[in-house]
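*Asks:*
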Amino acid sequence: MAATQQTDRKNRAASASIDPADVARFSALADQWWNADGPFKPLHRLNPLRLAYIRNALAGHYSFDVKARRPLAGLSILDIGCGGGLLSEPLARLGARMTGADASAENIQIAKLHAENMGLAIDYRNAAAETLVNAGEKFDVIINMEVIEHVADVDAFLAACRALLKENGLMLFSTLNRTAKSFAMAIAGAEYLLRWLPRGTHDWEKFLTPDEMTAALKKAGFGDIALRGMTFRPLNGRWDLTDDLSVNYLGAAKPVIE
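All residue numbers for the sequence shown refer to this note's numbering, where the first residue is 745 and numbers rise by one.
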């Protein structure tokens, strides 16, 4: 009986950050991840900016030449909430030793199949961040892009990220601010008017202000936090890196060494 209760507690802890409703929502769209004109079109448009930010942030942290053919060679990177692999694949091409984790088995199935077709060796796992912590995994870099606004427990999720990161590592993340402007653009605009995203993709109440995000990161054991904004330019359909954090923002954080 005691052993059963202990196992139940471990299972709950291993999935504390997972929101089953969100997992089901994205699982239903799994076969659309690589359709550049489908429900994930906004992420396809956003990807060039995200990749440039990741590459440049890692170059600054690890002091490598961004113009090298495989600048990320030698780095182990965990892409949490990897979906169909939109970020994992290009990072693998840049030389990273990639692991992609997602709570949706359907997402992982699509990601594995696409990577195989592209001739890429990526270690995809249907697992929560907490499961990887329990397995004793450690990575040079943790990436969670457009993920934290979908988790059930922000503190548990960030604590797992901290536990998975090597002492000299770097975590890169992106999310949405909770402002009237973000509601108008990310929900009313993107989901209802323009229909770029399926309705219900986002819950505005789960968006984090930069101050809330910074406080949560510090609580989890992160410091040296730097934030930048991402601004969509409708006239050319491009995203730019800016100082405007009012809607989409991304950032970098280092583990605090005690």
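Cβ coordinates follow ideal geometry from the N, Cα and C atoms, glycine included.
#1: Output the residue ranges of the beta strand (DSSP E) runs that lie fully inside the region 817-865 and measure 3 residues or longer, sorted by chain position.
#2: Since residue 974 is in the beta strand (DSSP E), which residue starts that stretch and which ends it?
#3: Whose C-alpha, out of 998, 993, 985, 1001, is nearest the C-alpha of residue 793?
#4: Go ahead and pull the three-state DSSP assignment for residue 983.
#5: Could you round the C-beta distance between residue 770 and residue 827 to whole angstroms and report it? I think they count as a contact, below 8 Å.
#6: Is residue 763 near the ligand ADP, going by C-beta to nearest heavy atom under 6 Å?
#7: Which first and last residues belong to the alpha helix (DSSP H) in which residue 698 is found?
#8: Looking at the structure shown, is residue 798 part of a helix, part of a strand, or coil, going by DSSP?
#9: Just reading off the alpha helix (DSSP H) that residue 891 is part of, what are its end residues?
#10: Taking only three categories from DSSP, how would you classify residue 931?
#11: Report yes if the C-beta distance between residue 897 and residue 765 is below 7 Å; otherwise report no.
#12: In the DSSP output, what is residue 914 paired with across the bridge?
#13: Answer yes or no: do residue 920 and residue 881 have a C-beta to C-beta separation smaller than 7 Å?
#14: Where residue 822 and residue 979 are concerned, what is the direct C-alpha to C-alpha distance, given to the nearest angstrom?
#15: Would a C-beta distance cut-off of 7 Å place residue 915 and residue 886 closer than the cut-off?
#16: Exposed or buried, what is residue 809 when buried is set at 16 or more other beta-carbons lying within 10 Å of its beta-carbon?
#17: Could you check whether the region 868-882 touches the region 899-913, counting it as contact only if at least three pairs of C-beta atoms, one from each stretch, sit closer than 8 Å?
*Replies:* On the basis of the coordinates in this document:
#1: Residue ranges of uninterrupted beta strand (DSSP E) with 3 or more members, entirely inside the region 817-865 and ordered along the chain, are 820-824, 841-846.
#2: Indexing the sequence shown from 1 puts residue 974 at position 230. Looking at the DSSP string, the run of the beta strand (DSSP E) that includes residue 974 is 966-977.
#3: Position 49 of the sequence shown, counted from the start, is the residue given in the question as residue 793. By alpha-carbon distance to residue 793, the top candidate from 998, 993, 985, 1001 is 985.
#4: Position 239 of the sequence shown, counted from the start, is the residue given in the question as residue 983. Annotated three-state conformation of residue 983 is strand, per DSSP.
#5: Sequence index remark: in the sequence shown, residue 770 carries index 26 (1-based). Sequence index remark: in the sequence shown, residue 827 carries index 83 (1-based). That belief holds up - the Cβ atoms of residue 770 and residue 827 are roughly 7 Å apart, short of 8 Å.
#6: This structure does not include the ligand ADP; it has no bound ligands of any sort.
#7: The structure shown does not extend to residue 698, since the chain spans only 745 to 1002, so no value can be given for it.
#8: For the purposes of this step, residue 798 is taken as the residue at position 54 of the sequence shown. For residue 798, the secondary structure class from DSSP, reduced to helix, strand or coil, is helix.
#9: Here residue 891 is taken as the residue at index 147 of the sequence shown, counted from 1. Neither: residue 891 is in no alpha helix (DSSP H) and is coded neither H nor E.
#10: Position 187 of the sequence shown, counting from 1, holds the residue named residue 931. The answer is helix: DSSP assigns residue 931 an H, G or I state.
#11: As a first step, residue 897 is located in the sequence shown; it is residue number 153 there, counting from the start. As a first step, residue 765 is located in the sequence shown; it is residue number 21 there, counting from the start. With respect to residue 765, residue 897 sits apart: the two C-beta atoms are not nearer than 7 Å.
#12: As a working note, residue 914 is residue 170 in the sequence shown. BP columns for residue 914 point to 885.
#13: Within the sequence shown, residue 920 is the residue found at index 176, counting from 1. Within the sequence shown, residue 881 is the residue found at index 137, counting from 1. Result no, Cβ atoms of residue 920 and residue 881 do not sit closer than 7 Å.
#14: The sequence position of residue 822 within the sequence shown is 78, counting from 1. The sequence position of residue 979 within the sequence shown is 235, counting from 1. Our two residues, residue 822 and residue 979, have alpha carbons roughly 34 Å apart in a direct line.
#15: Locating residue 915 in the sequence shown gives position 171, counting from the first residue. Locating residue 886 in the sequence shown gives position 142, counting from the first residue. A distance below 7 Å separates the beta carbons of residue 915 and residue 886.
#16: Within the sequence shown, the letter at position 65 stands for residue 809. Classification of residue 809: exposed, given that the 10 Å Cβ count is below 16.
#17: Counting C-beta pairs with one atom in each stretch, the region 868-882 and the region 899-913 have three or more that are closer than 8 Å, which means they touch.
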